[in-house]
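Chemist: Residue numbers (UniProt numbering), protein chains in the order written: chain A, 1 to 333; chain B, 1 to 333; chain C, 1 to 333; chain D, 1 to 333.
First the structure, then my questions, so here it is.
Protein chains: 4
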Amino acid sequence: MRTALFGAGRIGRVHAASIKTDPRSELVAVTDVVNEAAAALAREHGVEARAPEDILADKNIDAILIASSTNTHAELIEKGAAAGKAIFCEKPIDLSLSRALELSKRIAGHARPMMMGFNRRFDPNFAAVNAAFAAGEVGKGEMLAVTSYDPAPPPVSYIKVSGGLYRDMMIHDFDMCSFMFGMPKTVTAHGSCLVDPEIGAAGDIDTAIVVLSYADGRIATIRNSRRAPYGYDQRLELLGSAGLLEARNEIENTVVKSTTAGVVSAKPVYFFLERYMRAYSIEWSAFVDAVVEAKPVPASIQDGVNALAMAEAANLSFAEKRTVELAEVLPGA
Amino acid sequence: MRTALFGAGRIGRVHAASIKTDPRSELVAVTDVVNEAAAALAREHGVEARAPEDILADKNIDAILIASSTNTHAELIEKGAAAGKAIFCEKPIDLSLSRALELSKRIAGHARPMMMGFNRRFDPNFAAVNAAFAAGEVGKGEMLAVTSYDPAPPPVSYIKVSGGLYRDMMIHDFDMCSFMFGMPKTVTAHGSCLVDPEIGAAGDIDTAIVVLSYADGRIATIRNSRRAPYGYDQRLELLGSAGLLEARNEIENTVVKSTTAGVVSAKPVYFFLERYMRAYSIEWSAFVDAVVEAKPVPASIQDGVNALAMAEAANLSFAEKRTVELAEVLPGA
Amino acid sequence: MRTALFGAGRIGRVHAASIKTDPRSELVAVTDVVNEAAAALAREHGVEARAPEDILADKNIDAILIASSTNTHAELIEKGAAAGKAIFCEKPIDLSLSRALELSKRIAGHARPMMMGFNRRFDPNFAAVNAAFAAGEVGKGEMLAVTSYDPAPPPVSYIKVSGGLYRDMMIHDFDMCSFMFGMPKTVTAHGSCLVDPEIGAAGDIDTAIVVLSYADGRIATIRNSRRAPYGYDQRLELLGSAGLLEARNEIENTVVKSTTAGVVSAKPVYFFLERYMRAYSIEWSAFVDAVVEAKPVPASIQDGVNALAMAEAANLSFAEKRTVELAEVLPGA
Amino acid sequence: MRTALFGAGRIGRVHAASIKTDPRSELVAVTDVVNEAAAALAREHGVEARAPEDILADKNIDAILIASSTNTHAELIEKGAAAGKAIFCEKPIDLSLSRALELSKRIAGHARPMMMGFNRRFDPNFAAVNAAFAAGEVGKGEMLAVTSYDPAPPPVSYIKVSGGLYRDMMIHDFDMCSFMFGMPKTVTAHGSCLVDPEIGAAGDIDTAIVVLSYADGRIATIRNSRRAPYGYDQRLELLGSAGLLEARNEIENTVVKSTTAGVVSAKPVYFFLERYMRAYSIEWSAFVDAVVEAKPVPASIQDGVNALAMAEAANLSFAEKRTVELAEVLPGA
């Protein structure tokens with residue numbers, strides 16, 4: 001599967017490496033608005049840096065991997081679909097739910113696989129919870145709790161273009177809830193600026209709790225903080241009628257030191273590159289499976305729309321200090 | 001400290017045993033509306049079963065321990081105060097917040113210690129979290145999450161007179177939030193009947209999540225379920241600016257069995273008698289400290305009013321599906 | 001079951017409290033070579049301090065609990081047996097194996113229960129391992145590893161009269177091996193003085209490893225240290241053909257603190273009074289079961305002889321730097 | 001660093017992959033006595049399969065990686081040294097200690113790096129224990145315990161040519177003890193055949209415990225079993241004067257399932273390919289560091305001789321049922 005990479009930034013580099021881990025796929029070209037970045041990454045992988053149009057027009061390229069900035073996603077998806085490429089796109093589709101919805105309709109007839117990069121679905125821990133739940137190991141689902149704290153806040157410059165915590169950070173957790181429990185009926189959002197006053201000054205929050213309620217009475221909570229001094233805190237609990245499933249943190253090593261000061265274990269691995277390194281590789285193989293073996297994509301454009309709709313509902317709930325029905329922002333939900 | 005016990009039921013028996021664990025206090029009399037119950041418990045402890053009035057009038061009795069049914073608490077507190085007794089009362093003060101408020105005003109001048117039985121404050125795990133937090137070990141508080149699941153739902157007959165989940169079960173967790181974070185500004189309640197349809201038919205819920213927000217932006221969540229098939233689940237997480245404090249479950253034993261089936265540890269201890277056995281004894285000593293050494297009571301009647309106000313706000317929030325300001329139910333809060 | 005206590009020292013006080021935890025038994029008298037100690041403890045429990053002969057002659061006393069110094073055990077057991085008392089005796093029978101063997105023969109016809117205080121058999125964790133092993137949960141036993149470290153060494157004055165590490169400290173672990181695996185065929189002892197040079201100067205060791213081999217090829221190791229700065233370290237691992245059973249440490253509380261410094265849990269409970277508090281009470285009830293309900297004693301005088309024989313073999317192995325057959329010290333073993 | 005690989009079997013394939021993980025090294029040729037194996041692996045990596053002499057004679061090849069069968073190691077090391085190559089060799093040097101000693105003397109003047117593949121030194125968990133110990137975090141070393149169980153025994157055909165458990169399996173653990181505590185003074189070996197009677201019939205054991213004693217009184221134990229039904233059990237404990245360091249198992253995932261059956265965690269990762277995957281890569285980089293940056297090799301040929309000497313002493317101890325001085329098998333030790 002000959003693949004071209006759009007975007008040679010941090011996440012682009014991660015994907016360039018993941019492409020190599022599946023022997024069925026091959027990186028053949030890189031493009032980036034910053035020519036030097038594209039050239040450098042292309043050189044490292046012994047491939048060409050090419051112009052986007054050139055890539056899209058090349059019949060020998062099977063798939064495009066979109067890891068460029070968020071504002072380019074929708075356009076590239078549309079062009080990629082028009083060019084008949086299989087498409088893998090980093091989350092989110094777009095910061096605008098309406099644009100995402102439109103796009104989703106426009107490419108509905110696209111015959112090739114189109115997959116959203118919700119990498120956490122492929123984390124072996126969350127995937128194992130999902131599988132155990134699907135297998136009925138804890139009975140019927142009742143409550144879900146997602147804990148997701150970054151180790152440290154990003155620079156305010158990033159916050160300003162991020163689309164806000166719910167769309168930028170919690171979107172992963174909204175998708176995790178969809179992955180486990182499907183689409184909720186209502187969203188109630190709470191949030192504060194406790195970590196960095198500059199984030200508040202930029203109109204955003206850094207500490208947030210969202211409650212999702214489902215038509216059948218199930219309830220989910222998501223907790224986000226832009227700061228966890230002890231590392232990337234990525235956990236999940238799912239209470240079912242027959243038991244509890246938890247995914248705990250992955251830790252730096254298994255060493256335990258016992259002294260008069262207490263019993264000290266290692267911290268969680270520092271951030272998403274460490275925690276989700278394996279997930280990126282497994283995710284990529286799932287996309288290759290879809291392209292090569294015609295398996296269904298495990299994270300569709302509809303999943304992308306759904307997560308965005310929950311973020312939109314959270315924004316509305318937070319602004320108007322009330323519970324919002326998903327149907328208010330996503331007709332028919 | 002000569003103590004008389006009101007109530008010879010399950011919790012009364014627990015307290016009768018706790019009184020013995022502090023050498024400074026002595027059980028001298030038992031009373032109960034069921035004469036046989038009073039007689040039996042009195043016999044076991046080699047003391048007298050007496051009439052309530054008789055106990056209140058006895059100048060040789062220093063303290064009364066109220067562990068009778070909830071509807072008798074307020075009256076007994078008032079009579080005990082009038083009789084000049086030191087008073088220890090099981091939670092809640094009353095199911096009615098207004099009655100609790102009135103009572104609180106009426107006994108404001110009571111010169112002797114009056115303590116509410118919020119036993120979880122004395123659990124060594126929660127107490128250690130509180131102490132570490134107070135000592136600044138994780139910096140400034142940001143988020144609090146209380147998980148509190150009973151192993152199995154009570155009979156519906158109990159549910160019907162319980163005052164509802166928020167007042168009966170979550171009241172402990174409201175107090176835990178007060179213990180850690182003080183009084184919140186708003187309460188947002190979510191709830192469902194997922195465990196036992198008869199509980200729903202009786203007008204109550206068995207699965208609930210409440211979000212508390214504080215004036216300074218801190219946020220707390222409480223999760224309750226009437227059923228956790230693996231045992232009494234009593235945990236807490238407190239995220240601060242410098243780290244995370246957790247109180248995990250106490251488990252039945254420390255045995256770990258590794259086989260092809262996985263690595264199996266013991267379950268959490270089954271229910272509150274097992275989990276809070278030590279807490280009841282420590283709690284009692286704290287009351288004896290207040291009486292004998294004039295230390296402040298660590299859980300005052302105001303704490304009882306506060307927990308009840310949060311429960312009342314949760315009921316209102318749940319009924320009206322909106323966030324409720326504490327001040328709506330507790331003027332001045 | 002009317003019980004008289006011989007010995008009002010630290011362990012005597014523990015037993016005095018345990019007697020109270022079983023409603024079927026009652027402490028009625030205390031004796032000690034130090035009259036004041038006997039008087040004080042008797043007063044605390046509202047019983048009489050009496051002379052030993054007086055107690056032995058009293059037909060209303062059913063049982064004696066021997067918690068006096070080691071050198072008095074054998075004589076008291078013999079006198080108690082002659083007086084027809086049920087006997088509970090703290091370990092060891094005597095520092096001399098030959099004396100223990102003689103005594104064991106002499107009281108062979110004693111018709112009443114005679115139990116050795118190997119308290120660790122009653123620790124809920126070790127007992128659960130034993131039960132799981134007996135139930136075949138990990139198949140056939142292969143290797144056993146007992147870790148047993150005291151938090152801090154005793155004063156050298158104690159070391160001098162202790163009989164040496166193998167007889168004084170490891171005797172508990174020898175019994176634990178018997179409890180799990182029965183009697184070994186050979187003993188190989190290793191030891192050093194690493195903790196306190198004064199212990200070495202007194203002719204003893206403070207760090208030791210013993211390997212036990214069994215006739216059928218099973219192998220056990222015991223590790224002892226007189227010092228574990230992080231608390232009383234009492235663990236066990238049993239590898240079977242179908243899996244591994246572990247008993248881990250009990251810890252002070254369940255609090256976990258995560259900061260930049262790592263993830264810190266509580267230390268093991270400090271020493272035997274904390275760790276084995278429950279075990280002492282369960283042990284006592286097992287003795288009462290034997291006396292009142294004629295159940296077999298779960299730790300017989302033969303178990304006392306066996307543990308002593310292993311200690312004797314360890315001493316011989318250490319002195320002669322060779323593997324010792326149990327049969328060399330215990331004919332017929 | 002242009003590298004040629006000797007051996008295209010299981011461990012050869014692992015190393016071929018590791019070579020790729022360091023950008024400073026490159027696989028350029030593969031050789032194997034089985035031509036097809038060499039050709040297949042060479043094809044996968046896009047390199048040539050060549051004859052050994054050809055490789056050794058090629059001045060453009062900087063380093064050889066010896067992962068062929070044990071009986072070829074010594075000869076290849078010698079030839080590689082003669083050809084002026086940097087040499088990385090899988091453990092052991094040879095099954096014969098005397099041959100290893102001779103070789104060691106013969107290549108003493110070899111000017112280029114020569115490193116033994118003791119991969120466990122590079123496991124992040126054991127390396128972290130070593131670093132913490134070296135940094136004095138638990139004070140002076142006292143006791144070391146290495147637990148090392150394979151998930152399942154190899155076929156008896158392998159056992160027959162393996163050199164026996166001490167040389168084949170425990171050699172890693174001997175090196176781990178050297179890594180932590182240096183060279184011991186005596187070795188006492190115990191062993192049984194409990195897992196597979198065919199292993200016993202082949203003259204080997206499958207269950208073993210070795211005690212190492214050090215000149216200064218420190219003591220180490222190694223426990224080996226050819227079977228742990230729950231997975232590859234690779235742990236270590238180091239007791240120091242100021243605390244305990246443990247390296248625990250790495251587990252398959254962080255999922256915990258709590259039901260009425262207990263609290264179930266994932267098993268240890270299955271075998272050495274899973275557990276030491278990262279270690280192989282880190283190990284290789286350490287060798288490249290030695291070659292490219294002239295850093296000292298972290299596992300020298302002397303370390304290979306030492307581990308072999310301990311295995312030899314264990315064999316002697318086991319055969320003669322006595323403690324063996326290292327100096328008996330390794331003059332001057």
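We put the CB at the ideal spot given by N, CA and C, even for glycine.
(1) Counting Cβ pairs closer than 8 Å, one from the stretch 294 to 305 of chain B and one from the stretch 14 to 34 of chain C, do we hit at least three?
(2) Considering only C-alpha positions, which residue in the set N71(C), I19(C), L273(C) is nearest to M161(C)?
(3) For a quick check, are the C-beta atoms of V129(C) and D173(C) less than 7 Å apart?
(4) Within 7 Å of any Cβ in chain B, is that where the Cβ of residue 339(A) sits?
(5) Could you give the DSSP three-state label for Y149(D): helix, strand or coil?
(6) Cβ atoms of A86(A) and H15(A): under 7 Å apart, would you say?
(7) Using the DSSP secondary-structure output, state which residues sit across from P268(A) in a beta bridge.
(8) Leaving out five residues on either side along the sequence, give the residues of the same chain with a beta carbon under 6 Å from the beta carbon of T221(A).
(9) Helix, strand or coil for G243(C)? Go by DSSP, reduced to three states.
(10) Secondary structure at D62(C), three-state DSSP: helix, strand or coil?
(11) Mind checking the stretch 217 to 234 of chain C against chain A and listing, in chain order, the residues whose C-beta falls within less than 9 Å of any C-beta there?
(12) Taking the alpha-carbon positions, what's the R322(D) to F126(D) distance?
(13) Note down, in chain order, all residues in the stretch 252 to 268 of chain B with a beta-carbon under 7 Å from any beta-carbon belonging to chain D.
(14) Is it the case that the Cβ atoms of F181(A) and G243(A) are separated by a distance below 7 Å?
(15) Can you check whether the CB of L238(A) is closer than 7 Å to the CB of F133(A)?
(16) Tell me the rounded alpha-carbon separation between V195(D) and M169(D).
(17) Compare the C-beta of H190(B) against all C-beta atoms of chain A and say whether one is closer than 7 Å.
(18) Start and end of the beta strand (DSSP E) containing A4(A)?
(19) Cβ atoms of N249(B) and P268(B): under 7 Å apart, would you say?
(20) Inspect the beta-carbon positions of A74(C) and R50(C) and report whether they are closer than 7 Å.
(21) Anything in chain A within Cβ reach of L244(B), meaning under 9 Å, just list it in chain order.
(22) Just the chain B side, please: which residues come within less than 8 Å of S69(A) by C-beta, in chain order?
(23) From what residue to what residue does the beta strand (DSSP E) around N224(B) run?
(24) Determine the contact status of R167(A) and L95(A), defining contact as a CB-CB distance below 7 Å.
(25) Would you list the residues sitting across from Q234(A) in a DSSP beta bridge?
(26) Listing by chain order, which chain A residues have their CB less than 8 Å from the CB of A132(D)?
(27) Along the beta strand (DSSP E) that carries L95(A), what are the first and last residues, could you check?
(28) Tell me, please, whether the CB atom of T207(D) is closer than 7 Å to any CB atom in chain C?
(29) I believe S225(C) touches Y149(C) by the beta-carbon criterion, under 8 Å. Please report the beta-carbon distance rounded to the nearest angstrom.
(30) Using 6 Å as the cut-off, classify the Cβ of G7(C) as near or not near the heavy atoms of the ligand SAH, replying yes or no.
(31) Might you give, ordered along the chain, the residues of its own chain that have their beta carbon closer than 6 Å to the beta carbon of A313(A), omitting 5 neighbours on each side?
(32) With a cut-off of 8 Å on the beta carbons, I'd call residue 372(B) and F271(B) a contact; round off their distance for me.
(33) On a CA-only basis, which of A290(C), I209(C), I282(C), P331(C) is nearest C193(C)? Give me that one, please.
(34) For a cutoff of 7 Å on Cβ pairs, would you count R248(A) as touching chain D?
(35) Can you give, in chain order, each stretch of the alpha helix (DSSP H) that sits fully within the stretch 81 to 144 of chain C and has at least 4 residues?
(36) May I ask which residues mark the beginning and end of the alpha helix (DSSP H) holding V28(A)?
Modeler: On the basis of the data shown:
(1) no
(2) In the third sequence, the residue the question calls residue 161(C) occupies position 161. The question names Met, but residue 161(C) in the sequence shown is Val. V161(C) has its Cα closest to that of N71(C), out of N71(C), I19(C), L273(C).
(3) On the third sequence, position 129 is the one that residue 129(C) refers to. On the third sequence, position 173 is the one that residue 173(C) refers to. Not in contact: V129(C) and D173(C) (Cβ atoms no closer than 7 Å).
(4) No statement about residue 339(A) is possible, as the shown extent of chain A runs from 1 to 333 and does not include it.
(5) To locate residue 149(D), count along the fourth sequence from 1; it is residue 149. Correct three-state label for Y149(D): strand.
(6) Within the first sequence, numbered from 1, the residue matching residue 15(A) stands at position 15. Within the first sequence, numbered from 1, the residue matching residue 86(A) stands at position 86. Taking 7 Å as the Cβ cut-off, H15(A) and A86(A) do not qualify as a contacting pair.
(7) Counted from its first residue, the first sequence places residue 268(A) at position 268. Partner(s): I251(A).
(8) By one-based count along the first sequence, residue 221(A) stands at place 221. Excluding sequence neighbours, T221(A) sits near A145, V211.
(9) The residue you call residue 243(C) lines up with position 243 of the third sequence. It is a strand residue.
(10) In the third sequence, residue 62(C) corresponds to position 62, counting from 1. The answer is coil: DSSP assigns D62(C) none of H, G, I, E or B.
(11) A228, P229, Y230, G231, D233
(12) Position 322 of the fourth sequence, counting from 1, holds the residue named residue 322(D). Position 126 of the fourth sequence, counting from 1, holds the residue named residue 126(D). Roughly 31 Å between the two C-alpha positions.
(13) S258, T259, T260, G262, V263, V264, S265, A266, K267
(14) Looking up residue 181(A) in the first sequence gives position 181. Looking up residue 243(A) in the first sequence gives position 243. Their beta carbons are not under 7 Å apart, which means F181(A) does not touch G243(A) by this criterion.
(15) Residue 133(A) sits at position 133 when you count from the first residue of the first sequence. Residue 238(A) sits at position 238 when you count from the first residue of the first sequence. For F133(A) and L238(A), yes; Cβs fall inside 7 Å.
(16) Residue mapping note: residue 195(D) aligns to position 195 of the fourth sequence, counting from 1. Residue mapping note: residue 169(D) aligns to position 169 of the fourth sequence, counting from 1. Spanning the two alpha carbons is a distance of roughly 15 Å.
(17) Here residue 190(B) refers to the residue found at position 190 of the second sequence. Taking Cβ atoms only, chain A reaches closer than 7 Å to H190(B), which makes this a yes.
(18) Residue numbering aside, residue 4(A) sits at position 4 when the first sequence is read from its first letter. Run containing A4(A): 2 to 6, per the beta strand (DSSP E) assignment.
(19) The count along the second sequence starts at 1 and reaches residue 268(B) at position 268. The count along the second sequence starts at 1 and reaches residue 249(B) at position 249. Result yes, Cβ atoms of P268(B) and N249(B) sit closer than 7 Å.
(20) Locating residue 74(C) in the third sequence gives position 74, counting from the first residue. Locating residue 50(C) in the third sequence gives position 50, counting from the first residue. Result no, Cβ atoms of A74(C) and R50(C) do not sit closer than 7 Å.
(21) Taking the second sequence and counting its residues from 1, one reaches residue 244(B) at position 244. Within chain A, the residues near L244(B) are Y149, A228, P229, Y230, D233.
(22) On the first sequence, position 69 is the one that residue 69(A) refers to. Here the premise fails: no neighbours, minimum Cβ distance about 31 Å.
(23) Residue numbering aside, residue 224(B) sits at position 224 when the second sequence is read from its first letter. From DSSP, the beta strand (DSSP E) with N224(B) extends over 219 to 225.
(24) For this step, residue 167(A) is matched to residue 167 along the first sequence. For this step, residue 95(A) is matched to residue 95 along the first sequence. Contact: yes.
(25) Position 234 of the first sequence holds residue 234(A). Paired residue(s): S148(A).
(26) In the fourth sequence, residue 132(D) corresponds to position 132, counting from 1. Correct list: V255, K257.
(27) As a first step, residue 95(A) is located in the first sequence; it is residue number 95 there, counting from the start. It is not in any beta strand (DSSP E) - L95(A) carries neither H nor E in the DSSP assignment.
(28) Numbered from 1 along the fourth sequence, position 207 holds the residue referred to as residue 207(D). T207(D) counts as touching chain C.
(29) Here residue 225(C) is taken as the residue at index 225 of the third sequence, counted from 1. Here residue 149(C) is taken as the residue at index 149 of the third sequence, counted from 1. Rounded, the Cβ-Cβ distance is 4 Å, consistent with contact.
(30) The ligand SAH is absent from the structure shown, which contains no ligand whatsoever.
(31) Along the first sequence, read from residue 1 onward, the residue named residue 313(A) stands at position 313. If we look at A313(A) and ignore the five residues flanking it on each side, its Cβ neighbours are V187, V324, L326, V329.
(32) Only positions 1 to 333 of chain B appear in this structure, which leaves residue 372(B) out of reach.
(33) By 1-based counting over the third sequence, the position of residue 193(C) is 193. Taking only the C-alpha atoms, the option nearest C193(C) is I209(C).
(34) Start at 1 with the first residue of the first sequence, and residue 248(A) comes out as number 248. For R248(A), the answer is yes, since a Cβ of chain D falls inside 7 Å of its Cβ.
(35) 97 to 106, 124 to 134
(36) Residue mapping note: residue 28(A) aligns to position 28 of the first sequence, counting from 1. Per DSSP, V28(A) belongs to no alpha helix (DSSP H); it is in the beta strand (DSSP E), 26 to 31.
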